[in-house]
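The sequence shown lines up with residues -12 to 138 when you count with this note's numbering.
Yeah, the Cβ is synthetic: ideal placement off N, Cα and C, and Gly gets one too.
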Amino acid sequence: MMQLHFQTIILRDLQKLKDEINSYTNEATMWQPLPGTTNTGGNLALHLIGNLRHFIGAELGNSGYIREREAEFNSRNVPLATLNALLETCISEVTHAFYQLDPERMSAPFPKEIGGQTRETAFALLHLTGHLSYHLGQINYHRRYFNSQNS
């Protein structure tokens, strides 16, 4: 049952991510940093996609995805259509991983360390849920700032 809660929240927030990236009034501003920051909304979106495809899609769902974390932060001007396609792939991989996840796995060790420590899968999913929500809020702020500048 607990995995259903994580699945519901993560998939809900991935839909919110899709809504956010498609709500920029000027696609180019998605790749501009806010004053005093380095990460753009586009890079944060790539980071969330890569993070979840790696930790949930590959580690729990055996998707075969190989993460390129540096590219998540160094890529620029990725077309919105490409971002949407990557996000749809992420949603599909996350959905598959949760669908085939044995409930007993929730108390088993997660395949990768979290914060340098071996943790239960439920802890790892809680961590990933918080990470998604944190960066989703940053993207929301980033989008609202730039949309207000374009008004």
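Own chain residues within Cβ distance below 7 Å of residue i, not counting five before or after
i, result
"ASN127", "GLU7"
"LEU88", "GLN(-10), LEU47"
"PHE85", "GLN(-10), GLN(-6)"
"THR116", "PHE(-7), ILE(-4), ILE(-3)"
"SER120", "ASP0"
"LEU21", "HIS129, TYR132"
"HIS114", "ILE101"
Unbroken alpha helix (DSSP H) run spanning residue i, endpoints
i, result
"ASP89", "Neither: ASP89 is in no alpha helix (DSSP H) and is coded neither H nor E."
"GLU57", "56 to 61"
"PHE133", "108 to 136"
"GLU7", "-11 to 8"
"HIS34", "28 to 39"
Residue burial classification, residue i (beta-carbon count within 10 angstroms, cutoff 16)
i, result
"HIS(-8)", "exposed"
"SER50", "buried"
"MET17", "buried"
"ARG130", "buried"
"ASN38", "buried"
"ALA45", "buried"
"THR25", "exposed"
"GLY124", "exposed"
Cβ shell of residue i (< 6 Å), same chain only, five flanking positions each side left out
i, result
"ARG40", "TYR52, CYS77, GLU80"
"ASN13", "ASN137"
"PHE208", "Outside the displayed range of the chain (-12 to 138) lies residue 208, so it cannot be described from this structure."
"HIS122", "LEU31, LEU35"
"PHE60", "ASN30"
Cβ-based neighbour list, residue i, same chain, cut-off 8 Å, excluding 5 preceding and 5 following
i, result
"LEU74", "LEU1, LEU4, LYS5, ILE8, ALA32, ILE36"
"HIS55", "Note that residue 55 is Glu in the sequence shown here, rather than His. Hits under 8 Å: GLY37."
"HIS83", "GLY44, GLY48, SER50"
"GLN19", "THR27, PHE133"
"MET(-12)", "PRO90"
Validate contact between the stretch 94 to 103 and the stretch 52 to 67 using beta carbons, cut 8 Å, 3 pairs: No, they do not touch.
Cβ contact (3+ pairs, closer than 8 Å) linking the stretch -6 to 10 and the stretch 21 to 36: The stretch -6 to 10 vs the stretch 21 to 36: in contact.
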